[in-house]
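Single-structure report; data block below.
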């Protein structure tokens, strides 16, 4: 008996039922003789079914959502032919349906399957075992159809979200600027395209380039739209010619008004680079400083730190003027996801990479081309971490030389 019970439980699991749960069947049949015969056939097969009988569609309608399978006669007094099937599918679309036809109406059975029924049976041609098997098959097929439908809907939603997120990724404005901008963006959340990190770049008068990089705390679906809002707001402010001294204050106003929680804050670095003179005005709001790369010289910019956005609105964040060096320099901006990862378990020290660590990595960059450097850096950080980084990563490399 234990073996029989185990077999039933296995069947139930395949049908999406809990252990010991019986299959609830609603027989919609107006002929008492046929209804009795169906019940006897199921009893003969010793199937774990609980059968309810309704003689009309009106009587059956309140019961439709309480069963796993409907055995439907296509000759009801208040729903004849395929009209009855359509009513059942409309009122209980997630219930399996197996239609019952006579010999002369077998074509209706085929049409019913085309309409959405899982199977059809010709009265008088099946025994108890065949009827039991047909009911189980109908329930399992309906379950499989539902899973396939849910999977398709999930894939469509993911594809729609991916298209939306892809459209929200930055498109730097570099027209007329004699420089290359290489970047990499990797959200921390699984299967996402957009995280809480953001960056952008806008060229002005062919000589100056405005740069932005930032990080909304967290890397989920709530932080991503806030990052986009800050990036778009920065772009609008720069294009409108708002003085640099007011841009971070304005971004902070956007953050405070758009965030869902007072605990959300953002770190930001903004820079205005004079390509002709090799200088940059940089402001930081809780963000790690950019790094200057000039041959063997790799060092963080000595920029005065400023408070993160969203904690104490209105706090000044003064600019620092930086000399980037002789021609051949590059400027690297990044988010803390690149430096916050811990060391791999078998690495000595077990500490986070940090700014000093990423500087040392850059000094050992060898012949890495500028266009490959952001992705190479991300790979080095993941190697130090012993696997993929959990935080978002954004890396931006400004190279005044033409390397494309």
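Numbering (UniProt numbering), first residue to last: 1 to 404. C-beta atoms are modelled at their ideal positions from N, C-alpha and C, and glycine is treated no differently.
Which term fits residue i, buried or exposed, when burial requires 16 or more other beta carbons within 10 angstroms of its beta carbon?
i, result
"residue 142", "buried"
"residue 87", "buried"
"residue 147", "exposed"
"residue 107", "exposed"
"residue 124", "exposed"
"residue 14", "Low per-residue confidence applies at residue 14: pLDDT is 48, beneath 50, and the placement is therefore not dependable enough to give any value."
"residue 335", "buried"
"residue 363", "exposed"
"residue 379", "exposed"
"residue 4", "Its pLDDT being 44, under 50, residue 4 is placed unreliably in this model, and the value from its coordinates should be taken loosely. Exposed: under 16 other Cβ atoms inside 10 Å."
"residue 223", "buried"
"residue 101", "buried"
"residue 389", "buried"
"residue 296", "exposed"
"residue 318", "exposed"
"residue 236", "exposed"
"residue 199", "buried"
"residue 240", "exposed"
"residue 136", "buried"
"residue 32", "exposed"
"residue 260", "exposed"
Near residue i, what residues of its chain come up, given a Cβ to Cβ distance below 7 angstroms and the 5 sequence neighbours on each side ignored?
i, result
"residue 60", "26, 28 and 54"
"residue 348", "In this prediction, residue 348 has a pLDDT of 46, which is less than 50 and means its spatial position is unreliable; nothing more can be read from the coordinates."
"residue 175", "203"
"residue 258", "226 and 229"
"residue 58", "78"
"residue 381", "338, 341, 353 and 389"
For the alpha helix (DSSP H) that residue i lies in, which residues bound it at each end?
i, result
"residue 208", "Where residue 208 is concerned, there is no enclosing alpha helix (DSSP H), although the beta strand (DSSP E) it sits in stretches over 208-216."
"residue 110", "106-115"
"residue 247", "244-258"
"residue 361", "354-363"
"residue 94", "Unbroken run through residue 94: none, as it is neither H nor E."
"residue 228", "223-239"
"residue 42", "32-44"
"residue 376", "373-385"
"residue 58", "57-60"
Flag residue i as yes when its Cβ comes closer than 6 angstroms to any non-hydrogen atom of the ligand HEM, and as no otherwise.
i, result
"residue 312", "Although the ligand HEM was asked about, the structure shown includes no ligands whatsoever."
Tell me which residues share the same chain as residue i and place their Cβ nearer than 6 angstroms to its Cβ, disregarding the 5 neighbours each side in the sequence.
i, result
"residue 50", "22 and 24"
"residue 238", "202 and 210"
"residue 139", "15, 68, 69 and 96"
"residue 400", "179 and 275"
"residue 373", "397"
"residue 104", "none"
"residue 39", "51"
"residue 371", "182"
"residue 197", "215, 335, 392 and 394"
"residue 375", "184"
For my contact list, residue i and residue j are in at a C-beta cut-off of 8 angstroms; report their separation, rounded to the angstrom.
i, j, result
"residue 85", "residue 115", "6 angstroms"
"residue 99", "residue 72", "5 angstroms"
"residue 405", "residue 353", "Limits of the chain in this structure are 1 at one end and 404 at the other, which puts residue 405 out of reach."
"residue 307", "residue 286", "6 angstroms"
"residue 206", "residue 177", "6 angstroms"
"residue 212", "residue 182", "Not confirmed; about 16 angstroms, so no contact."
"residue 216", "residue 227", "5 angstroms"
"residue 282", "residue 271", "5 angstroms"
"residue 268", "residue 214", "4 angstroms"
"residue 288", "residue 184", "Not confirmed; about 16 angstroms, so no contact."
"residue 119", "residue 134", "6 angstroms"
"residue 322", "residue 280", "5 angstroms"
"residue 393", "residue 338", "5 angstroms"
"residue 82", "residue 35", "21 angstroms between Cβ atoms; not a contact."
"residue 284", "residue 300", "Not confirmed; about 11 angstroms, so no contact."
Tell me which same chain residues have a C-beta within less than 8 angstroms of the C-beta of residue i, skipping the five on either side of it?
i, result
"residue 191", "In this prediction, residue 191 scores a pLDDT of 48, lower than 50, which makes its location untrustworthy; no coordinate-derived value is stated."
"residue 408", "Any question about residue 408 goes unanswered here, given that the chain covers just 1 to 404."
"residue 80", "74"
"residue 30", "55, 56, 73, 75, 76 and 77"
"residue 298", "291, 292, 359, 362 and 363"
Could you tell me the boundaries of the beta strand (DSSP E) in which residue i lies?
i, result
"residue 280", "279-285"
"residue 321", "320-323"
"residue 200", "197-204"
"residue 23", "23-28"
"residue 398", "393-399"
"residue 332", "330-334"
"residue 52", "49-54"
"residue 73", "69-73"
"residue 292", "291-294"
"residue 339", "Where residue 339 is concerned, there is no enclosing beta strand (DSSP E), given that its DSSP letter is neither H nor E."
Report yes or no: is there a C-beta of chain D within less than 7 angstroms of the C-beta of residue i?
i, result
"residue 29", "Absence of chain D from the displayed structure is noted, only one protein chain being present."
| task | Assess, as a yes-or-no matter, whether the segment 127-144 is touched by the segment 42-51 under the definition of 3 or more beta carbon pairs within less than 8 angstroms. | result | Touching, yes.
Counting Cβ pairs, one atom from each stretch, are 3 or more of them under 8 angstroms apart for the segment 304-318 and the segment 248-260? Yes, they touch.
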